[in-house]
Every structure is written in C-alpha cells, then in structure tokens.
Amino acid sequence: MKKSCPFLVLVFFSSFIAYSQSIATSPYSLYGLGSLYEANFGLIPSLGTAGIALPSDNFINNKNAASLVNIPANNFFFEVGGKGIQSFFEDNLKKENRNNFQFSHFAFAFPINNKSAVSVAMMPYSSSSFKISGLKIPILDSSNEYYYLNVMGTGGLNNLDFSYAYKLSNKLSLGFSASVLFGNTTDERTYEINSSVTSIDKKVSYSGIRPILGSQFKMNPSLTFGLNVKSPTRVNATKIQSVTVVNGTGTSTLETDEKSNTDDFYLPLEVGVGFNKAFKNKLSIAFDYEKRFWDATNQSDMYGNFSNQEKFALGLSYQKAKASRSYFDRIKYAAGVNYDTGYLEVDNKKIEDKNFSIGASLPLDHLSSALFISYTYGQKGQITNSLVQENYHKLTLNLNLDGIWFVRKKLE
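Under this note's numbering, the first residue of the sequence shown carries the number 1, and numbering increases by one thereafter.
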C-alpha cells in the first residue's frame, strides 16, 4: 500500500485543486484530525506568533497562562477575533485560488486578586473539510482495472480552554490550563467499480482533555523568559458508520448507523520556550522555539507519517509612548517571521510552512481596549510529484475590550 501512496497523494491534490470552490480549508486537512488551527490573540499574529514570554497587560496572551497575572487590577478583558485567507494552490499541472473567512476565538480574562487571574477561551482546534470527485485509482495488483472514488469531508474539533495563573513572587508566575477538545468529522465516500457503487458514510466523534503548564520568569523589568509544556493526550474517538451497495440486482444495506470504537488519536508532548526583551528606545524583541514530539505517538496516515515538528518565531514591536496624549504615539507597530517544519511527512518530504507578518495595535481608549490588525504572507508545502504548494495571504482582526470592575467613585 505504501508504494502507491505518492500516486494517491498526487491524484488527490490534483483533484482538490480542480474542485477547490467546494472546499473550506487546506488540502492538508485530509490528514489526522484535519488542519491544526493556530488561534493567536492580540498582537501575537503580527509578531510571527511569538508570545510565550509576553505579558497579558493589554491583551489576553493565550500562548502562556502564566502571563495572566499581568492583567491590571480590577480590569476585565474580553476579546474576539477572526481572519480572512486568500490561498493559491499549485502543482505540476494546475493552479487555483480560493477565499476563506474563519472565526478565530472569543475569550475573557480578569484578575481574582493581586496574585492570581483566570481566563476562559473558545476557539477552533482543527478543521477537516475537503471534496474530491471522480478520482481514478488503479486496483491493487492490477494494471488494467480502476475504481472511481468520490469523497466529501466536513467538521473539525473545538477547544474550550480554562486557565489559571498564580504569582509566586515578583519575578516568577505559574499558569495552569485545561484544554477541553471536542467535535466530530464526517466522511462520505462512494466507490464505483464497473456497475457497482458502494457508499460509506462515517461520522467520528472526538473528546479529550489536555493539561498545560506554563511559567514566566522576569529576570529584570526589561527581560522575561517563558516556558510552556503541553502534555501528551489521547483524544477518544467513536465511530458511527453506514454502508450500502447498489448494483444490477438492487440495493443492499450492510450497516445502518453502526456504532463502534475506532482508533483514538494521540497528541504529542509539546515544549516551548521563549524570551521577551524591551529596550530603552521603545523597541521590543520576542522569540519562541517550540518542539512537538510526534514520533513518540507511533502514528501514521495512509498517505504519510507524523514526524517531530519544530517551530521558530521572531517578532519585533515598537511603541513611542504608551501614555501619550497623541493617538499616533500610542499605536504599537509590529513585524515578525515564522518557520514551521510541519508534522506531516509525505513521500519522505516534510510539509513546511514559512511566513512573515506585519501589523499594529490601534488603541480605542486610554485603557487597554484596542483593535489589532495583522497581515501575513506565507508558503506551505512545495511543488513535487506528490505535494501541492500553497501560497496564502492572511488578514487577522482581533478586538480586545477592556472594562474596569469594582471601582467606586469617591465623594470629595
């Protein structure tokens, strides 16, 4: 079966491009749980997604729960975000483009006292949506016979995140998160061989809880280090499937909403480290390194393998004066680059993702309310006999609203 994988992948991606108007996500959403979703809050998308060591002083930093202790006293942050993506797909034969608009997240966070804070966030975790039609595939061990495959996939997983942070000292804070993963994917397939058509409708429901530990250490007022560890997690899966066969003698139902267990999906250990350095000239630099140990999960897909993944993110930001009367002085500008080796390996080639980003934080008041705008250009995959190259433009809008709680007016 592995010997025919490059052929199957090539034909699949060619078919994907031909029918891209019906597709909601990347062609790589065929793998595993689908395309894993990166929901980054506030200014983080403009920084190349670097943020493990950033504070949550003017937006909710979802990359490290330990940062929540930096939310100003009596303040309440509420954030909502979305993004628009224009993608261009290309292989050896075709070129195609498509547009996609996605909900990113909504979240709220607030301090409990001067040492602790909490947050709750809802965001997508993965998306699996694709359509292929009339895929001609040779029958194994036969060079003259073929069958035709039609597939439509939809669905994905959601992430409901609960986080708590505690300040152990003026320098060290810890964060604890529980990511509740849930959702389902559907897969509707028909196999046409001569005059026989077999239809398989499958729905797989997933659920799991992933513990996450974060910490931040403030070496001095201008330098902070961050650590984030996501534990290995089993995502439980349950399958409901129906199978029917139509041929010259009539219609036969082999299964009707049969419920059964299927292979669970395993998320790997993930470790991330980062630092954030502020300079006297109002310039700040943030850097993250993350590694995901997919090899240890011993998982593979019929089209390829899961292998260890590394991510590098570097971001720069500049703000002339946070408390200035001038609106333009309070705007924070940012730029960043990101390199992701990817975790999918097809025909011994990793599906890499490279991008750069620019953006700004536009203040809406003299507190922390702001509109965060970022633009990202990136490239995923490469043009080979078994892969498609995806070039994309991404516009991200995050809105953070800051309210003050429990403040009483004093009478003079």
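All residues carry an ideal CB built from backbone N, CA and C; glycine is no exception. Bear in mind that the values here come from a model prediction, so they are computed numbers and not experimental data.
{"Item": "Keeping to the same chain, check which residues put their C-beta closer than 7 Å to that of residue 152; ignore five residues upstream and five downstream.", "Value": "131, 188"}
{"Item": "Quick one: what's residue 230 bridged to in DSSP?", "Value": "212, 270"}
{"Item": "Helix, strand or coil for residue 397? Go by DSSP, reduced to three states.", "Value": "strand"}
{"Item": "Count the other CB atoms, across all protein chains shown, that sit within 10 Å of the CB of residue 41; report buried if there are 16 or more and exposed otherwise.", "Value": "buried"}
{"Item": "With respect to the alpha helix (DSSP H) encompassing residue 187, which residues constitute its N-terminal and C-terminal limits?", "Value": "Not the alpha helix (DSSP H): residue 187 falls in the beta strand (DSSP E), residues 172-193."}
{"Item": "Let me make sure I understand the geometry here. Which of 91, 392, 243, 176 has the alpha-carbon closest to that of residue 167?", "Value": "176"}
{"Item": "Once you ignore the five residues that flank residue 179 on each side, which residues in its own chain have a CB closer than 6 Å to its CB?", "Value": "159, 161, 210"}
{"Item": "Would residue 59 pass as a contact of residue 400 if the rule is Cβ separation under 8 Å?", "Value": "yes"}
{"Item": "Could you have a look at residue 325 and say whether DSSP puts it in helix, strand or coil?", "Value": "coil"}
{"Item": "Could you tell me if residue 325 is buried or exposed, where buried requires 16 or more neighbouring beta carbons within 10 angstroms of its beta carbon?", "Value": "exposed"}
{"Item": "Which of the three DSSP states is assigned to residue 298 in this structure?", "Value": "coil"}
{"Item": "Within 10 angstroms of the Cβ of residue 110, are there 16 or more other Cβ atoms? Answer buried if so, exposed if not.", "Value": "buried"}
{"Item": "Does DSSP put residue 112 in a helix, in a strand, or in coil?", "Value": "coil"}
{"Item": "In terms of residues, what are the limits of the beta strand (DSSP E) holding residue 336?", "Value": "332-340"}
{"Item": "Taking contact to mean 3 or more Cβ pairs, one atom from each stretch, closer than 8 Å, check whether the region 32-48 and the region 349-369 are in contact.", "Value": "yes"}
{"Item": "Give the secondary structure of residue 72 by DSSP, where H, G and I count as helix, E and B as strand, and everything else as coil.", "Value": "coil"}
{"Item": "Let me check understanding here. Comparing Cα to Cα, which of 81, 54, 52 lies closest to residue 395?", "Value": "81"}
{"Item": "Tell me which residues share the same chain as residue 410 and place their Cβ nearer than 6 Å to its Cβ, disregarding the 5 neighbours each side in the sequence.", "Value": "Residue confidence is low: residue 410 scores 44 on pLDDT, short of 50, so the model does not pin down where it sits. Its coordinate-derived value is still stated next. So the list is empty, once near-sequence residues are dropped."}
{"Item": "Taking the beta carbon of residue 145 as the centre, do at least 16 other beta carbons fall within 10 Å, making it buried, or is it exposed?", "Value": "exposed"}
{"Item": "Counting only C-beta atoms, is residue 167 closer than 8 Å to chain E at any point?", "Value": "Included in the structure is just one protein chain, with no chain E present."}
{"Item": "For residue 365 and residue 319, what's the separation of their Cα atoms in angstroms?", "Value": "16 Å"}
{"Item": "Does the beta-carbon distance from residue 417 to residue 221 come in below 8 Å?", "Value": "One cannot answer for residue 417 here, as it falls past the ends of the chain, which runs 1 to 412."}
{"Item": "May I ask you to check if the CB of residue 176 is nearer than 7 Å to at least one heavy atom of the ligand GDP?", "Value": "Absence of the ligand GDP is noted for the structure shown, with no ligands found whatsoever."}
{"Item": "By DSSP, does residue 47 sit in helix, in strand, or in coil?", "Value": "helix"}
{"Item": "With distances taken between CB atoms, is the gap from residue 398 to residue 38 smaller than 8 Å?", "Value": "no"}
{"Item": "Mind checking who residue 445 pairs with in its DSSP beta bridge?", "Value": "With the chain covering only 1 through 412, there is no way to say anything about residue 445."}
{"Item": "Rounded to a whole number of angstroms, what is the C-alpha to C-alpha distance between residue 278 and residue 138?", "Value": "60 Å"}
{"Item": "Identify, in the order they occur along the chain, each residue of the same chain with its Cβ nearer than 7 Å to the Cβ of residue 147, setting aside the five sequence neighbours on each side.", "Value": "137, 139, 191, 192, 193"}
{"Item": "Would you call the region 268-277 and the region 285-301 in contact, with 3 or more CB pairs under 8 Å?", "Value": "yes"}
{"Item": "Give me the Cβ distance between residue 135 and residue 334, rounded to the nearest whole Å; I'm assuming they're in contact under 8 Å.", "Value": "That belief does not hold up - the Cβ atoms of residue 135 and residue 334 are roughly 43 Å apart, past 8 Å."}
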